[in-house]
Structures are given as C-alpha cells and as structure tokens.
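2 protein chains.
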Amino acid sequence: MPQQRAEETRGRIQDAALRRFAVAGYDATSVDDICAQAGVSKGAFYHHFPTKQAIFLALMQDWLAMIDTGMDAVRKETVPETLISMTNLLPGVFAAAEDRLPMFLEFWLQASRDETVWKAIIAPYRHFQEFFSKLIHDGMEEGSLKPVDSQVAAQVVVSLAVGLVLQGVLDPHGADWEKTARESMQILMNGLAK
Amino acid sequence: MPQQRAEETRGRIQDAALRRFAVAGYDATSVDDICAQAGVSKGAFYHHFPTKQAIFLALMQDWLAMIDTGMDAVRKETVPETLISMTNLLPGVFAAAEDRLPMFLEFWLQASRDETVWKAIIAPYRHFQEFFSKLIHDGMEEGSLKPVDSQVAAQVVVSLAVGLVLQGVLDPHGADWEKTARESMQILMNGLAK
Chain C
7 MPQQRAEETR GRIQDAALRR FAVAGYDATS VDDICAQAGV SKGAFYHHFP
57 TKQAIFLALM QDWLAMIDTG MDAVRKETVP ETLISMTNLL PGVFAAAEDR
107 LPMFLEFWLQ ASRDETVWKA IIAPYRHFQE FFSKLIHDGM EEGSLKPVDS
157 QVAAQVVVSL AVGLVLQGVL DPHGADWEKT ARESMQILMN GLAK
Chain V
7 MPQQRAEETR GRIQDAALRR FAVAGYDATS VDDICAQAGV SKGAFYHHFP
57 TKQAIFLALM QDWLAMIDTG MDAVRKETVP ETLISMTNLL PGVFAAAEDR
107 LPMFLEFWLQ ASRDETVWKA IIAPYRHFQE FFSKLIHDGM EEGSLKPVDS
157 QVAAQVVVSL AVGLVLQGVL DPHGADWEKT ARESMQILMN GLAK
C-alpha cells in the first residue's frame with residue numbers, strides 16, 4: 007500500500023507544519039523544524055511539497071474544503087433557512103481559525119508585499135463571494151428572498167462572516183459568538199427574506 | 007514656543023514611524039531607523055516615546071480618534087440616516103488602513119502571543135461596539151428602529167465594517183467598496199428600521 011503510506015506521510019507533514027506554525031510562527035519555522043516534528047526525512051518532505059509556502063497553501067485549501075463540505079451539508083428547504091443554519095458552522099470555523107490565525111496573519115503580511123501570496127489569499131474570498139451570490143440568486147428564484155443585488159447581498163454575508171471570525175478569534179470572551187452569529191444572520195434575513 | 011516645537015517633533019516622529027512601518031514592517035524597523043527618517047536624535051525620540059510599541063499605540067489612537075471625529079460629524083436627523091451616512095467615511099478609513107495594514111497585521115500577530123498587545127488591539131473593537139450599541143439604543147428610543155437586542159445589532163454593524171475594511175484593503179479592485187458599503191448598510195437597515 008505505498009499509495010496509502012504516501013498519503014499518511016503527507017498528512018503527518020501537514021499536521022506537523024500546522025503545529026509548528028501555530029507555536030513559532032510561519033517565518034520562524036524551517037523545513038527542518040517541520041521534518042523533525044513529523045519524524046520524516048527532508049527527502050520525504052520535498053517529495054510532497056516543493057516549498058514551505060506550498061504546505062501553507064495546502065493547509066489553507068484543506069481548511070476551505072472543510073468549510074465547503076460543511077456549507078454543502080446544511081442545505082435546507084429554503085435559502086433563508088440555509089443561511090441561518092450555516093451560522094452553526096461558525097464555532098467550528100472559529101476553533102480551526104484560532105490554530106491558524108498567527109499563520110494567516112503572517113501570510114496576509116506577506117500578501118501585502120508579494121503578488122503570488124496575495125493571489126492565494128484573495129482566492130477564498132472570491133470563492134465564498136461566488137458561492138453566496140449564487141445561493142442568494144437561488145433564493146430570489148424560489149421566491150424566498152426579496153429582489154436584491156445578489157453580488158452586494160453576498161458581500162454583506164461574506165463581510166459579516168469575516169468580521170465575526172476575526173473578532174471571535176481575537177476576542178473569544180468578548181461575546182457569545184455562536185449566539186451573535188445566529189442573531190446577526192437573523193437581523194440580516196429580516197431585511198432580505200420575503 | 008517650546009511646547010509647539012515639541013508637538014511638531016512628536017508629529018514628525020510619528021509620521022516617520024508610520025512610513026518606516028509601512029515600508030519595512032514593524033518588527034524590522036528599529037528606533038534608529040525612525041530617528042534617521044525623522045531627522046531627530048534618539049534622546050528626542052525617547053523624550054516622546056518610551057518604546058517602539060508606544061509609538062505604534064499612538065498611531066493607532068490617532069487613527070481611531072480620526073474615525074471618532076468623523077462618526078460624530080455625520081450625525082443626521084434619525085439613527086438610520088446616521089448609519090447610512092457613516093458609510094461615506096469608509097473610503098477614508100480604507101485609505102488610512104491601507105498604509106497601516108502591514109503594521110496592524112504584525113501587531114495582531116504579536117497580540118496572539120502577548121497579553122499587553124492583545125489588550126491594546128481589542129480595545130477599539132469594544133469601543134466601537136459600545137458606540138453603535140448606544141446609537142442603536144437611541145434609534146429605538148426615537149422610534150426609528152424596530153425593537154432589537156442593541157448589543158447584537160451593534161455587533162452586526164462592527165463585524166460588517168471590519169469585514170469590509172479587511173476585504174477592501176486586501177482586494178481593492180475586487181469590488182466597488184464604497185458602493186458595496188452603502189448598499190450593505192441599506193440591506194441591514196431594511197431589517198432594522200421601522
């Protein structure tokens with residue numbers, strides 16, 4: 007089962023990188039550190055990831071895939087119900103973001119100075135923007151949402167989620183974020199739903 | 007006029023620090039770099055600021071004071087009108103945040119590992135939270151807003167603003183952010199206003 011063993015090694019390297027990045031930061035973590043934590047050779051590391059940046063991008067992709075899977079799983083009868091029930095995902099997003107926050111911040115920092123990193127950082131925003139734009143369009147088609155500019159309404163949802171996650175991670179005890187997220191979406195729905 | 011000269015020196019040091027932080031980053035900028043850029047002695051620097059961190063905090067305070075002044079200046083007849091007209095401030099906030107973003111990101115990064123920095127970072131969120139909570143409470147008193155949990159509604163406004171500023175700074179050409187901000191607030195008001 008060499009295929010399966012390769013997958014396990016890759017996963018172990020990713021877990022090790024996530025732990026090192028969280029503790030020491032992205033910049034301060036070397037490929038050697040990751041290899042030591044994972045218990046793999048440098049050869050094995052480079053077999054799976056050409057660079058340290060590649061492993062960061064893989065971690066981000068996994069995180070986004072996890073959110074995508076969650077969002078697809080909570081489809082309800084109508085779009086307003088779907089949007090409300092999506093706020094149940096936020097505690098999981100908060101928890102996963104907390105581990106990754108220092109890493110994200112370092113990457114945003116690099117993004118502000120490096121075009122390649124910037125493109126990788128901005129892609130998920132645009133991805134979620136498209137996702138919610140389509141969902142809101144569906145809501146208007148099914149007649150559950152008032153006529154609205156779906157791009158703008160999607161922007162509101164994404165901005166609200168970004169703002170909630172950022173504040174929730176920075177200030178976990180500043181509010182009951184799960185309740186805040188649900189009630190925030192409810193307020194938004196009062197304006198959007200028919 | 008020693009008082010006035012002292013103020014000028016202080017301002018020159020702050021401007022120099024802002025420029026160096028934006029170009030090279032907070033961590034990579036030394037007090038020597040700031041003094042060289044400002045054309046002042048190290049003695050003059052330490053007369054005004056005990057540490058490099060103190061100058062960052064002063065820059066943040068100035069930025070917040072600028073936003074506060076702007077928010078007080080746009081009070082309209084009713085609370086919904088006030089909230090809508092506040093979105094006109096966002097382009098200025100975007101522009102000022104763009105210069106400061108790398109510095110903020112480095113500071114958030116430090117905040118995630120250092121309690122003192124964290125408290126300085128979290129204060130403005132709580133400040134704006136209080137401000138909007140009071141404004142929304144006023145709106146219910148004057149009868150222009152529906153009965154709502156003012157803490158939660160304030161959280162929605164702050165989260166939306168944080169999310170818009172972050173995305174606007176990271177992806178300036180991803181949307182017409184001024185229009186998006188105004189229309190986002192309008193959608194929110196559809197749910198909040200009577």
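First to last, the sequence lines map onto chains C and V. Position one of the first sequence corresponds to residue 7 (the working numbering), numbered consecutively onward. Position one of the second sequence corresponds to residue 7 (the working numbering), numbered consecutively onward. Glycine included, every Cβ here is placed at the ideal spot set by N, Cα and C.
Nearest-angstrom Cα separation, counted from residue j out to residue i
i, j, result
"C:His53", "C:Asp68", "19 angstroms"
"C:Glu147", "C:Ser156", "11 angstroms"
"V:Ala159", "C:Phe113", "31 angstroms"
"C:Asp33", "V:Gly180", "28 angstroms"
"C:Val37", "C:Leu115", "20 angstroms"
"C:Pro153", "C:Leu198", "8 angstroms"
"C:Gln192", "C:Thr88", "12 angstroms"
"V:Arg18", "V:Leu24", "10 angstroms"
"V:Phe51", "V:Cys41", "7 angstroms"
"V:Thr35", "V:Met66", "17 angstroms"
"V:Pro178", "C:Ile128", "11 angstroms"
"V:Phe110", "C:Ser91", "33 angstroms"
"V:Lys58", "C:Glu121", "29 angstroms"
"V:Ala117", "C:Asn196", "36 angstroms"
"C:Gly49", "C:Lys125", "28 angstroms"
"C:Leu141", "V:Pro130", "34 angstroms"
"C:Asp39", "C:Thr15", "16 angstroms"
"C:Ala79", "C:Glu13", "25 angstroms"
"C:Glu184", "C:Ile73", "16 angstroms"
"V:Met77", "V:Ala102", "15 angstroms"
"C:Leu95", "V:Leu95", "32 angstroms"
Residues bridged to residue i (per DSSP)
i, result
"C:Leu107", "None, per the DSSP bridge assignment."
"C:Ala30", "DSSP lists no partner for C:Ala30."
"V:Ala199", "V:Leu151"
Buried versus exposed call for residue i [16 or more other C-beta atoms within 10 Å across all chains shown]
i, result
"V:Arg11", "exposed"
"C:Val123", "buried"
"V:Gln173", "buried"
"V:Gln9", "exposed"
"C:Gly145", "buried"
"C:Thr75", "exposed"
"C:Glu189", "buried"
"C:Arg81", "exposed"
"C:Ser139", "buried"
"C:Ser47", "exposed"
"V:Arg119", "exposed"
Contact under 9 angstroms by Cβ, residue i with residue j
i, j, result
"V:Ser150", "V:Pro97", "no"
"C:Ala44", "C:Ala22", "yes"
"V:Phe100", "V:Val175", "yes"
"C:Ala71", "C:Gln20", "no"
"C:Leu194", "V:Val162", "yes"
"C:Thr93", "C:Ala187", "yes"
- Task: Specify whether the stretch 162-173 of chain C and the stretch 130-147 of chain C touch according to this definition: at least 3 beta carbon pairs, one from each stretch, less than 8 angstroms apart.
- Result: yes
- Message: Tell me whether the stretch 98-107 of chain C and the stretch 24-32 of chain C touch, counting them as touching only if at least three CB pairs, one residue from each stretch, are closer than 8 angstroms.
- Response: The stretch 98-107 of chain C, when compared against the stretch 24-32 of chain C, does touch it at the 8 angstroms Cβ threshold.
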